[in-house]
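The next block holds one structure in the form of structure tokens; read it before the comments.
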């Protein structure tokens, strides 16, 4: 599906919808099902969960292999993730309603989407954990792409830590069926924005931290 231009503040349909800042019943049911179903197709291993702050605002920043990433990622951390997703996923009314109840909110990629940034900042100001993929799109196992500066700009504005995440193996899901795909989620130590640090400098620190958590084949431009 092609990208669309972000709507103006005066005709943005997102202003008429409800986006959730608390875990919903739908979320609890879906994640309960994921705990039962994902082990059937993934052999999951989680490392470094102790690095995740148990309360307060923080950003999760990980590499992005497939649309499956968000589910094992959520299972790997001890608190709810409110996640930014491409607006194409929200075009269908059913998926839109489901994703919003799961804590998702849409972003128009390839352009400055101020609504998405403002919504993410509002979640951080309420002490929530927001998940983002700084590459901006899936790599399909081809290695890390250059990082966008949105995560860094949010962290600097909210003065919150960034937790780097390395995701490996979700690009093999269903390719080895009926064998389970080995999926490893590695969580690194939080990165704190420095005083007067520029967004591009912080973006580089985030991306190299993600690369350090990945196998060589997935490090891409940050090898």
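Numbering (the working numbering), first residue to last: 32 to 254. For each residue, glycine too, the CB sits at the ideal point set by N, CA and C. Remember, it's a predicted structure, so these values are computed and weren't measured experimentally.
Going by CA-CA distance only, name the one from 70, 111 and 93 that's closest to residue 84. Of the residues 70, 111 and 93, the one whose Cα lies closest to the Cα of residue 84 is 111.
For residue 252, count the other beta carbons within 10 Å of its own beta carbon; 16 or more makes it buried, fewer makes it exposed. Which is it? If you draw a 10 Å sphere on the C-beta of residue 252, you find fewer than 16 other C-beta atoms in it, and that means exposed.
Residues near residue 79 in its chain [Cβ-Cβ closer than 7 angstroms; skip 5 each side]: The answer, listed in chain order, is 217, 218 and 219.
Check whether the Cβ of residue 49 lies closer than 7 angstroms to any heavy atom of the ligand PLP, and answer yes or no. Looking at this structure, you won't find the ligand PLP or any other ligand, since it has none at all.
Does DSSP put residue 243 in a helix, a strand or coil? In the structure shown, residue 243 sits in a helix (DSSP, three-state: H, G or I).
By Cβ distance below 6 angstroms, which residues in the same chain neighbour residue 118 in space, the five residues on each side in sequence not counted? Excluding positions up to five away in sequence, the list reads 137 and 139.
Beta-carbon gap between residue 168 and residue 95 smaller than 8 angstroms: In this structure, residue 168 lies near residue 95, with their beta-carbon atoms less than 8 angstroms apart.
Comparing alpha-carbon positions, which option in 190, 184 and 45 lies nearest residue 158? Selected option, being the one with the closest Cα: 190.
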